[in-house]
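Q:
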Amino acid sequence: IDVFLARSLLEKLYLFQYPIRPASMTYDDVTHLSAKIKPKQQKVELEMAIDTLNPNYCRSKGEQIALNVDGTCTDETSTYSSKLMDKQTFCSSQAASNVSRYAAAVYKKGELHLTPLHGILQLRPSFTYLDKADAKHREREAANEGGDSSQDEAEDDVKQITVRFSRPETEQARQRRVQSYEFLQKRQAEEHWVHLHYYGLKDSRSEHERQYLFSQGHGLAENTELIKSPSEYLMMLMPPSVEEESDKPMAPSNVLSMAQLRTLPLADQIKILMKNVKVMPFANLMSLLGSGTDSTAVLRCIQQVAMLVQGNWVVKSDVLYPKDTSSPHSGVPAEVLCRGRDFVMWKFTRDRWVVRKEVAAVTKLCPEDVKDFLEHMSVARINKGWEFMLPYDEDFVKKHPDIVQRQHMLWMGIQAKLEKVYNLLKEHLTPKKQEAQSGHPLLVSGEQRVNMAKAKVKQNYGQLEKEFQKQKIEMKSNDTSAKMDVSNIRIKEEPVSDEEPMDTSAYEGMNNGIVNGLHAEDSMDSLNGHLPGGCIDRVAQELKAFVSSTFKKQFVLTLSELKRLFNLHLASLPPGHTLFSGISDKMLQDMVLDTGCKQILVPFPPQTAASPDELKVYALWEAGDTYDQHRQVLLEIFSKNYRVRRNVIQNQLSQECGEDLNKQEVDRVLKVCFYSLVGL
Numbered sequence: 001i002d003v004f005l006a007r008s009l010l011e012k013l014y015l016f017q018y019p020i021r022p023a024s025m026t027y028d029d030v031t032h033l034s035a036k037i038k039p040k041q042q043k044v045e046l047e048m049a050i051d052t053l054n055p056n057y058c059r060s061k062g063e064q065i066a067l068n069v070d071g072t073c074t075d076e077t078s079t080y081s082s083k084l085m086d087k088q089t090f091c092s093s094q095a096a097s098n099v100s101r102y103a104a105a106v107y108k109k110g111e112l113h114l115t116p117l118h119g120i121l122q123l124r125p126s127f128t129y130l131d132k133a134d135a136k137h138r139e140r141e142a143a144n145e146g147g148d149s150s151q152d153e154a155e156d157d158v159k160q161i162t163v164r165f166s167r168p169e170t171e172q173a174r175q176r177r178v179q180s181y182e183f184l185q186k187r188q189a190e191e192h193w194v195h196l197h198y199y200g201l202k203d204s205r206s207e208h209e210r211q212y213l214f215s216q217g218h219g220l221a222e223n224t225e226l227i228k229s230p231s232e233y234l235m236m237l238m239p240p241s242v243e244e245e246s247d248k249p250m251a252p253s254n255v256l257s258m259a260q261l262r263t264l265p266l267a268d269q270i271k272i273l274m275k276n277v278k279v280m281p282f283a284n285l286m287s288l289l290g291s292g293t294d295s296t297a298v299l300r301c302i303q304q305v306a307m308l309v310q311g312n313w314v315v316k317s318d319v320l321y322p323k324d325t326s327s328p329h330s331g332v333p334a335e336v337l338c339r340g341r342d343f344v345m346w347k348f349t350r351d352r353w354v355v356r357k358e359v360a361a362v363t364k365l366c367p368e369d370v371k372d373f374l375e376h377m378s379v380a381r382i383n384k385g386w387e388f389m390l391p392y393d394e395d396f397v398k399k400h401p402d403i404v405q406r407q408h409m410l411w412m413g414i415q416a417k418l419e420k421v422y423n424l425l426k427e428h429l430t431p432k433k434q435e436a437q438s439g440h441p442l443l444v445s446g447e448q449r450v451n452m453a454k455a456k457v458k459q460n461y462g463q464l465e466k467e468f469q470k471q472k473i474e475m476k477s478n479d480t481s482a483k484m485d486v487s488n489i490r491i492k493e494e495p496v497s498d499e500e501p502m503d504t505s506a507y508e509g510m511n512n513g514i515v516n517g518l519h520a521e522d523s524m525d526s527l528n529g530h531l532p533g534g535c536i537d538r539v540a541q542e543l544k545a546f547v548s549s550t551f552k553k554q555f556v557l558t559l560s561e562l563k564r565l566f567n568l569h570l571a572s573l574p575p576g577h578t579l580f581s582g583i584s585d586k587m588l589q590d591m592v593l594d595t596g597c598k599q600i601l602v603p604f605p606p607q608t609a610a611s612p613d614e615l616k617v618y619a620l621w622e623a624g625d626t627y628d629q630h631r632q633v634l635l636e637i638f639s640k641n642y643r644v645r646r647n648v649i650q651n652q653l654s655q656e657c658g659e660d661l662n663k664q665e666v667d668r669v670l671k672v673c674f675y676s677l678v679g680l
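Take 1 as the starting number for the sequence shown in UniProt numbering and just add one per residue.
1) On the CB-based measure, 16 or more other CB atoms within 10 Å of its CB, does Lys640 come out buried or exposed?
2) Rounded to the nearest angstrom, how far is the Cβ of Asp342 from that of Ala334, given a contact under 8 Å?
3) Inspect the CB distances between the region 278-292 and the region 313-322 and report whether three or more fall short of 8 Å.
4) Less than 8 Å between the beta carbons of Leu285 and Val305, yes or no?
5) Please classify Ala361 as buried or exposed, where buried requires at least 16 other C-beta atoms within 10 Å of its C-beta.
6) Could you tell me which whole alpha helix (DSSP H) segments of length 4 or greater appear in the region 127-213?
7) So, at 7 Å on beta carbons, what are the nonlocal neighbours of Val602 in its own chain, with the 5 sequence-adjacent residues on each side left out?
8) By Cβ distance, which residues of its chain are closer than 8 Å to Lys40, with the 5 residues on each side in sequence left out?
9) Check whether the region 89-106 and the region 60-75 touch, using three or more Cβ-Cβ pairs below 8 Å as the test.
10) In three-state terms, what does DSSP make of Ala6?
11) Quick check on the DSSP output: the beta strand (DSSP E) that includes Ile600 runs from which residue to which?
12) Considering only residues of the same chain and omitting the five flanking positions on each side of Gln407, which have a CB-CB separation below 7 Å?
13) Measure the C-alpha to C-alpha separation of Leu123 and Ser8 and round it to an integer number of angstroms.
14) Select from Leu5, Lys399, Lys553, Asp86 the residue whose C-alpha is nearest the C-alpha of Asn54.
15) Below 8 Å between beta carbons: does that hold for Gln650 and Val666?
16) Just curious, the alpha helix (DSSP H) that Arg262 is in, first and last residue?
17) Just to confirm the assignment, what range does the beta strand (DSSP E) spanning Pro116 have?
18) Can you look up Asn56 in the DSSP assignment and give me helix, strand or coil?
19) Below 8 Å on the Cβ atoms is my contact criterion, and I expect Ser560 with Asp613 to pass it. Report the Cβ-Cβ distance as a whole number of Å.
20) Could you tell me which whole beta strand (DSSP E) segments of length 3 or greater appear in the region 534-610?
21) Looking at the structure shown, is Gly340 part of a helix, part of a strand, or coil, going by DSSP?
22) Using 8 Å for Cβ pairs, my map puts Ile37 next to Val44. What's the rounded Cβ distance?
23) Let me know the secondary structure DSSP gives Ala361 once reduced to three states.
24) Straight-line CA distance for Asn662 to Val648?
25) Can you give, in chain order, each stretch of the alpha helix (DSSP H) that sits fully within the region 610-638 and has at least 4 residues?
26) According to the neighbour-count rule (16 or more other Cβ atoms, all chains shown, within 10 Å of its Cβ), is Tyr321 buried or exposed?
27) Roughly how many angstroms lie between the CA atoms of Val404 and Gln303, to the nearest whole one?
28) Would you mind working out which of Val359, Gln469, Lys470 sits nearest Leu418, comparing C-alpha positions?
29) My output table needs one value for Tyr18: the three-state DSSP class, helix, strand or coil.
30) Can Phe388 and Gly340 be called in contact, C-beta distance under 8 Å?
31) Distance, Cα to Cα, Gly624 vs Gln607?
32) Within 10 angstroms of the Cβ of Lys202, are there 16 or more other Cβ atoms? Answer buried if so, exposed if not.
33) Which two residues bound the contiguous alpha helix (DSSP H) that contains Ile649?
34) Do you know offhand how far Leu579's Cα is from Phe551's?
35) Does DSSP put Met307 in a helix, in a strand, or in coil?
36) Taking only the alpha-carbon atoms, compute the straight-line gap between His630 and Lys563 and give it to the nearest angstrom.
Here it is as structure tokens:
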């Protein structure tokens, strides 16, 4: 069979792979409503009609989809103008990156004509109409929420922003930006669509274009590329294995097997290991290099890529930050980064601990860069700082004093440079006197810590006992009419139910011998509610008068706020008043209920950080004014939800009270009746 190469449709012929079609769509007689292409990206988008009259087509489903996408109104922007999903959009993706091996073949009269393919595109259904439906749904929700919320709720939170001035872009930075994913996406979006016209299978234009699939000339001179010797032809059929290896995916730049590593020169092996590990003892380095490696050669190579810190080798800064590079965090050039990292390494040569704030203050680098330096060679310790990663290698220091001396001289030179650049003070140059400086960290076992704590307690116990007895004698000698400290007056906590624990804090601060206004040695019975005869009625009357007057001023109060107001009331009373006889939480809450108030069980969220007293809400049910009905409606609303929108309150008040209240009237009702609960 003679084979001919057709060139008429070269770089114009594409192969479309359609998905498995539904029963309601046939590609042979389907109507292409529109087609467009981006030639550079080889991206195609086709819009094809769906046979809605096919018995396999679900009409109700198509109407529902059209309603979700376009809504009830139809205009020029509607996706489905017929109020029915009658079309489907297909988007393409490249099926193969290299299509040079593929061609379209036509066999005719004993001749095979080949036309190379310019691209193979797989068409998949596009569901952008679902995104459009979701966007409209979110717009409707935003419109509803915007109408419900008030001006206060609509105010945006104030956020702090950081202003940075851009530096002149270098050539290397520009190349990185051009190769970035965002830039490529932007370039692809900028390419304009080229609209195409679709011709059917039996159209005369299609018949004319199909003739270009045949070679126009059959002369051998025009097909010289198909004249190959047998050996060349076999080479084309079975290319050498080198090409196959070139197609294999490359491993990450920082991943290298030990077998591959040991094929490299010794200096490159050490450089790669130190660049990845960053901190390593000399013994570990020798074990990674394998048996038979000369330690003298290793010492000669390691000094070219690393510095000695506390007997361990730390990779040099210029190895990690080569010339003409910059920080991924701040864009600072490599020269500044190397100086900052050298300062951190130099600090670790003098001390096992480094504080990040001190490094940032000296180097003036951003926190992310400083954190990277420290993570290379140290570990963070809570409330202490950053400790060097490895213990002091005393064995290496003893075996190689000449290397240690040479490294010390190098650090002296680096210190001199750092002093000039950073204007270091004496406090930076003088190492801190710590036990860790010797290289042997102090280790204390758990048992030793417990014994030390017990000894400290025994030592302090005698002194505390003496101070307690001295305070007790002073309290007895004090006059009963001494002025009370308002900050020490507190309501004694008693359990309202079996679930609440008894308060045992009455004697913690001694309160100058007074518990709720009583001397501890004279009135201990009153703490348990056993008041002297005739005193109970007076206490109840005084307490009721306080509660009634308080709730007439503030209609809604939490137990915590009520106790605070009661303490202030006690502070204003003269010494020896009846209310100083000891008022418990239960007595206070019972009196609140006796005065016509009700407890509002507000359903606060379970993860709230409020105390139990702050969760107990009491409100005056009837005050005898014109707002009683409004107040009761509000109490019912807040007993069902702890957070309610203003429009819900407005609607509920209008329904229950029969009044059509506007926003200003609702705000006035909330302020007069219920403003304290709204603020909870």
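We put the CB at the ideal spot given by N, CA and C, even for glycine.
A: Let's see:
1) Sequence index remark: in the sequence shown, residue 640 carries index 640 (1-based). With fewer than 16 Cβ atoms within 10 Å of its Cβ, Lys640 is classed as exposed.
2) As a first step, residue 342 must be located in the sequence shown, where it is residue number 342. As a first step, residue 334 must be located in the sequence shown, where it is residue number 334. Not confirmed; about 12 Å, so no contact.
3) yes
4) To locate residue 285, count along the sequence shown from 1; it is residue 285. To locate residue 305, count along the sequence shown from 1; it is residue 305. Not in contact: Leu285 and Val305 (Cβ atoms no closer than 8 Å).
5) Counting from one through the sequence shown, the residue named residue 361 turns up at place 361. Per the 10 Å Cβ criterion, exposed.
6) 128-148, 151-154, 171-178, 181-190, 204-210
7) Looking up residue 602 in the sequence shown gives position 602. Taken in chain order, the residues that qualify are Val617, Phe638, Ser639, Tyr642.
8) Sequence index remark: in the sequence shown, residue 40 carries index 40 (1-based). Contacts found: Glu191.
9) no
10) The residue labelled residue 6 in the question sits at position 6 within the sequence shown. Ala6: coil per DSSP, three-state reduction.
11) Looking up residue 600 in the sequence shown gives position 600. That run of the beta strand (DSSP E) goes 597-600.
12) Position 407 of the sequence shown, counted from the first residue, corresponds to residue 407. Contacts found: Met307, Leu308.
13) Taking the first residue of the sequence shown as 1, we reach residue 123 at position 123. Taking the first residue of the sequence shown as 1, we reach residue 8 at position 8. The straight-line gap from Cα to Cα measures roughly 25 Å.
14) Walking along the sequence shown from the start, residue 54 turns up at place 54. The closest CA to that of Asn54, considering only Leu5, Lys399, Lys553, Asp86, is found on Asp86.
15) Start at 1 with the first residue of the sequence shown, and residue 650 comes out as number 650. Start at 1 with the first residue of the sequence shown, and residue 666 comes out as number 666. Taking 8 Å as the cut-off, the Cβ atoms of Gln650 and Val666 count as close.
16) Within the sequence shown, the letter at position 262 stands for residue 262. Taken as a continuous stretch (DSSP letters only), Arg262 belongs to no alpha helix (DSSP H), as it is neither H nor E.
17) By 1-based counting over the sequence shown, the position of residue 116 is 116. Segment 111-116, the beta strand (DSSP E) holding Pro116.
18) Your numbering for residue 56 matches position 56 in the sequence shown. Assigned with DSSP and collapsed to three states, Asn56 falls in coil, not helix or strand.
19) As a first step, residue 560 is located in the sequence shown; it is residue number 560 there, counting from the start. As a first step, residue 613 is located in the sequence shown; it is residue number 613 there, counting from the start. Contact holds; Cβ gap of about 4 Å.
20) 556-558, 597-600
21) Counting from 1 along the sequence shown, the entry for residue 340 is found at position 340. Here Gly340 sits in helix by DSSP.
22) Within the sequence shown, residue 37 is the residue found at index 37, counting from 1. Within the sequence shown, residue 44 is the residue found at index 44, counting from 1. Ile37 to Val44, Cβ: 5 Å. Contact.
23) Taking the first residue of the sequence shown as position 1, residue 361 is located at position 361. Helix.
24) For the purposes of this step, residue 662 is taken as residue 662 along the sequence shown, with counting starting at 1. For the purposes of this step, residue 648 is taken as residue 648 along the sequence shown, with counting starting at 1. Asn662 and Val648: Cα-Cα distance of roughly 12 Å.
25) 612-615, 628-638
26) Here residue 321 refers to the residue found at position 321 when the sequence shown is read from its first residue. Buried is the call here.
27) Indexing the sequence shown from 1 puts residue 404 at position 404. Indexing the sequence shown from 1 puts residue 303 at position 303. Near 11 Å, if we compare the C-alpha coordinates of Gln303 and Val404.
28) Walking along the sequence shown from the start, residue 418 turns up at place 418. Of Val359, Gln469, Lys470, the smallest CA-CA separation from Leu418 is found for Val359.
29) One-based indexing of the sequence shown puts residue 18 at position 18. Note: Tyr18 maps to coil in three-state DSSP.
30) Your numbering for residue 388 matches position 388 in the sequence shown. Your numbering for residue 340 matches position 340 in the sequence shown. No; because the gap between Cβ atoms is not below 8 Å, this pair is not in contact.
31) Residue numbering aside, residue 624 sits at position 624 when the sequence shown is read from its first letter. Residue numbering aside, residue 607 sits at position 607 when the sequence shown is read from its first letter. Those two C-alpha atoms are separated by around 37 Å.
32) For the purposes of this step, residue 202 is taken as the residue at position 202 of the sequence shown. Exposed is the call here.
33) By one-based count along the sequence shown, residue 649 stands at place 649. Start and end: 646-657.
34) The residue given as residue 579 occupies position 579 in the sequence shown. The residue given as residue 551 occupies position 551 in the sequence shown. So the alpha carbons of these two residues sit roughly 18 Å apart.
35) Working through the sequence shown from its first residue, we reach residue 307 at position 307. Residue state for Met307 is assigned as strand, using DSSP reduced to three classes.
36) Taking the sequence shown and counting its residues from 1, the one referred to as residue 630 is at position 630. Taking the sequence shown and counting its residues from 1, the one referred to as residue 563 is at position 563. Answer to the nearest angstrom: the Cα atoms are 27 Å apart.
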